[in-house]
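Visitor: Structure in structure tokens, see below.
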Amino acid sequence: MNLLPLIVVVPLIMAIIFSYIYRSKYVRSLTLLMALVLLILPFLGTYGPYFFGGHGITFIEGIPLVSGILYTLNPLKEILLFTLMLIGSLVLILSTKEKNLSGVFTSLVLMGLASVSAVILTEDLFNLYVFYEIAAIAQAGLVILAGTENAYRSAFKYLLVGTMAGSILLLGVGLLLSATGTLNIGDMGRYLALNPLTPTVYGGLLMLIVGLAYGGGLPPFHTLKVDLYARAKPFVSAILQTYSKFVLIALMLVILKLFGNLPIFNTIRGVLIALSVIAMVFGTVMALLQEDYRKLLAYHTISQGGYVALGLALGTPLGIVAGIFHGINHALYKSALFIGAHIVDKVRSSDMRKVGGLLLTIPIVAFLMLFAKFASIGIPPFNGFQSKLLLAEAVMGANIPELVVLMLIVSIGTFLYMMKAFYLIFLKPCGEEQLKEYRDVKISKYHIFSLGLLVVLCLILGVYPDIVLDRLYPIGEEIGISWVLR
Amino acid sequence: MDLQLASFITAGALVVLGLYGFFFVDNVIKKIIALSIISNSVNLTLVAMGYKEGGYVPIYIPTVEFQIFSKEMAYPLPQALVLTNIVIGASMLAVMLALSIVFYKKYKTLKTSVILKED
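As given, the protein sequences belong to chains A and B, one line each in that order.
So the first sequence is numbered by the numbering used here: it starts at 56 and just counts up by one.
So the second sequence is numbered by the numbering used here: it starts at 698 and just counts up by one.
What follows is the structure in structure tokens.
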């Protein structure tokens, strides 16, 4: 029996239940239990399609068409889901150490997990839109729970623009539906490949790209995402950035499946590459200017999102694999960095001008964070190195060496601000009194455990990248189209 | 005038109206209203797409032969989409309105230029 829908249904139902146990002594234990259940979920489904309502495929004049909603699971989706659930589970475990934990927090995290899993799994464009919107609401809700005025403000802005972007995406879905008569991505792709493109399809495509930019945090919507990551509690930002990265990957794959082998994609590719390059450069330049560690990490997320989008926008098999691999790696090391930022914030403040000398107080955390920073910069033997190398290879394969130079410069920029942050937080000399003050703060073992786990995963993926890559290559070959710039 | 064309024109007018409200009106509630107008214009567009001149309502009618019914009925899928979208729109609206209540309590005004100004 295929239990695939449970990946979405279990978190969704539990989200509803948790929202009712608002303030209860059982919230902590139930949240811990839920964190364990999440880790099993990705392995429940079997590879292949799952037809909701058992409608299956109908033949109309000999053409197979999917009727009803279709979910599919393949090795790529499984690894994405596992990463998502792992980080979700760690965030839930960490949340039990927070004061005033309410069921609403767990409920929102679960809602986000369910919706992003559905966005990854679904092969139906409208279903994707529905869960995309739910993910937006869940993200705004998680930021609101930070409880500060700035958090309210950024969540409000995110929702204002989100309603607009959501409407545009829905109109795009509607236009594609009216042009092709189906909502299934596979059927739609086949129809578009066989029939001449009309202005309606172009309109739909443009609107899909707007939706992608909003959901994935690409320009011109990147500042909204930066606000979200910087204003939420840092360990919550870990799951927020995972949501947006995976929505970005899922939507990019949809665009590739629909338009990847059409002549129009040559133009779209230019637009998408331009967007990702702007994200990379803008994120790095802005991160260099930041005094607040959380903001620095937020801008770093945007610049790394540019890498992911660049790989997928290339559309070559290797590019797709590199982009997705970088997305997974980024989700891991960035979560580690955000959890580290949470510990720093707890000890003193995330403002880098106010902290210093933490190396003596929390040496383990300092070294784990240094390793996570190495991973994010792309220093071997960590996973960031493997995916950036693969990405550079893919870009060279498409004969655009200029982009590799740009990637290197961006990596150097990353090195600069990451090391600046490390110096300011851990190495900058500080007085004896301040040190005594720091020593009173207790860091929970959960924080160190989750940070350590993520760093170990970064190391394992850096040494044995084939664990993930072997699962990605077949999908890359299936979706990607080889091309070389002349 | 053709009903479908009229719907599309109305939807276009609503989008323009909504965009004007979203960008140029300095009031949080009015901005939210403008957004909901945009969202409803998209719904109208979707419903109009499924419209068929003189078509049957897409509910199976036993007296009509199935072959004719399947050819002559209006396209039901957009209606299902719109129904779902209304629910999503309502929940988005609820969160935004709740936040505007919080802002109003804090600032005693609904002006966007005051509320959304960074420190």
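Every residue gets a Cβ at the ideal spot worked out from N, C-alpha and C, and that includes glycine.
Would you mind working out which of B:Lys-803, B:Ala-791, B:Val-744 sits nearest B:Ile-729, comparing C-alpha positions?
Guide: If we check each option's Cα against that of B:Ile-729, B:Ala-791 comes out closest.
Visitor: Pull up the distance between the alpha-carbon of A:Asn-321 and that of A:Tyr-257, whole angstroms please.
Guide: Cα to Cα, A:Asn-321 sits roughly 13 Å from A:Tyr-257.
Visitor: Could you tell me the alpha carbon to alpha carbon distance between A:Leu-413 and A:Glu-487, rounded to whole angstroms?
Guide: For A:Leu-413 and A:Glu-487, the distance between alpha carbons rounds to 12 Å.
Visitor: Any beta carbon of chain A sitting closer than 9 Å to that of B:Val-761?
Guide: Not one chain A Cβ lies under 9 Å of B:Val-761.
Visitor: In whole angstroms, what is the alpha-carbon distance linking A:Val-185 and A:Gly-411?
Guide: Cα-Cα distance, rounded: 46 Å.
Visitor: The beta strand (DSSP E) that contains A:Gly-103, what's its start and end?
Guide: It spans 103 to 106 - the beta strand (DSSP E) in which A:Gly-103 sits, taken as one unbroken run.
Visitor: If I follow the unbroken beta strand (DSSP E) through B:Ile-758, where does it start and stop?
Guide: Here B:Ile-758 belongs to no beta strand (DSSP E), and DSSP marks it neither H nor E.
Visitor: Cβ of A:Ser-172 within 9 Å of Cβ of A:Val-63?
Guide: Cβ atoms of A:Ser-172 and A:Val-63: closer than 9 Å.
Visitor: Looking only at C-alpha atoms, which of A:Gly-439, A:Val-340, A:Leu-58 sits nearest to A:Ala-386?
Guide: Nearest option by C-alpha distance: A:Gly-439.
Visitor: What is the rounded straight-line gap between the Cα of B:Met-698 and the Cα of B:Asp-723?
Guide: Their Cα atoms are separated by approximately 37 Å.
Visitor: Which chain B residues sit within Cβ distance under 7 Å of A:Val-185?
Guide: The answer, in chain order, is Thr-781, Ile-785.
Visitor: What three-state label does DSSP hand A:Pro-119 in the structure shown?
Guide: DSSP places A:Pro-119 in strand when its eight states are reduced to three.
Visitor: Kindly indicate which three-state DSSP category B:Met-770 falls into: helix, strand or coil?
Guide: If DSSP states are grouped into helix, strand and coil, B:Met-770 belongs with the strands.
Visitor: Inspect the beta-carbon positions of A:Val-121 and A:Gly-241 and report whether they are closer than 9 Å.
Guide: The answer is yes: Cβ separation under 9 Å.
Visitor: What residue range does the beta strand (DSSP E) around A:Leu-128 cover?
Guide: Looking at the DSSP string, the run of the beta strand (DSSP E) that includes A:Leu-128 is 125 to 128.
Visitor: Rounded to the nearest angstrom, what separates B:Leu-711 and B:Leu-743 at their Cα positions?
Guide: Going by the C-alpha atoms only, they are around 14 Å apart.
Visitor: Under a three-way DSSP split, which group does A:Thr-113 fall into?
Guide: DSSP places A:Thr-113 in strand when its eight states are reduced to three.
Visitor: In whole angstroms, give me the CA-to-CA distance for A:Ile-68 and A:Leu-165.
Guide: Going from the Cα of A:Ile-68 to the Cα of A:Leu-165 covers about 9 Å.
Visitor: So what does DSSP say about A:Asp-495, is it helix, strand or coil?
Guide: A:Asp-495: coil per DSSP, three-state reduction.
Visitor: Any C-beta of chain B sitting closer than 9 Å to the C-beta of A:Thr-218?
Guide: Cβ-Cβ to chain B under 9 Å: yes for A:Thr-218.
Visitor: With a threshold of 9 Å between beta-carbons, can B:Lys-749 be considered close to chain A, or not?
Guide: Chain A contact via Cβ: absent.
Visitor: Can you name the residues of chain A whose CB is closer than 9 Å to the CB of B:Ser-788?
Guide: Near B:Ser-788 (Cβ distances below 9 Å), the residues of chain A are Glu-188, Ile-189, Ile-192.
Visitor: Since A:Asp-282 is in the alpha helix (DSSP H), which residue starts that stretch and which ends it?
Guide: Counting along the chain, the alpha helix (DSSP H) containing A:Asp-282 begins and ends at 277 to 286.
Visitor: Would you please state the rounded distance, in angstroms, between the beta carbons of B:Leu-828 and A:Phe-211? I believe it to be under 8 Å.
Guide: Residue 828 of chain B lies beyond the range of chain B shown here (698 to 816); nothing can be said about it.
Visitor: When you compare the CB positions of A:Phe-137 and A:Ile-124, do they come within less than 9 Å of one another, or not?
Guide: No.
Visitor: Which chain B residues sit within Cβ distance under 7 Å of A:Ser-222?
Guide: Ile-735, Ser-736, Val-739, listed in chain order.
Visitor: Who pairs with A:Asn-239 in a beta bridge, going by DSSP?
Guide: Answer by DSSP bridge pairing, in chain order: A:Asp-179.
Visitor: Is B:Asp-723 helix, strand or coil when you go by DSSP?
Guide: In this structure, B:Asp-723 counts as coil in the three-state DSSP scheme.
Visitor: I'd like the list of long-range same chain contacts for A:Leu-180, defined as Cβ closer than 8 Å, with 5 residues on each side in sequence excluded.
Guide: So the qualifying residues of the chain are Val-228, Leu-231, Leu-232, Leu-238, Asn-239, Ile-240, Met-243, Val-309.
Visitor: Does DSSP classify B:Asp-699 as helix, strand or coil?
Guide: Here B:Asp-699 sits in coil by DSSP.
Visitor: Rounding to the nearest angstrom, what Cα-Cα distance links A:Leu-131 and A:Arg-526 in this structure?
Guide: Whole-angstrom Cα-Cα distance: 6 Å.
Visitor: Let me know if A:Arg-324 comes out buried or exposed under the rule of 16 or more other beta-carbons within 10 Å of its beta-carbon.
Guide: Classification of A:Arg-324: buried, given that the 10 Å Cβ count is 16 or more.
Visitor: Would you mind stating whether A:Ile-142 and A:Ile-294 have Cβ atoms separated by less than 9 Å?
Guide: Yes, Cβ-Cβ distance for A:Ile-142 and A:Ile-294 is below 9 Å.
Visitor: Only counting the same chain, and skipping five residues up and downstream in sequence, which positions put a Cβ closer than 8 Å to that of A:Arg-83?
Guide: Cβ neighbours of A:Arg-83 beyond the five flanking positions: Thr-151, Leu-156.
Visitor: Counting C-beta neighbours from all protein chains within 10 Å, is the total for B:Glu-762 16 or more, i.e. buried, or is it exposed?
Guide: Answer is exposed; the Cβ neighbour count stays below 16.
Visitor: What first and last residue would you give for the alpha helix (DSSP H) that runs through A:Met-56?
Guide: Careful: A:Met-56 lies outside any alpha helix (DSSP H) and carries neither H nor E.
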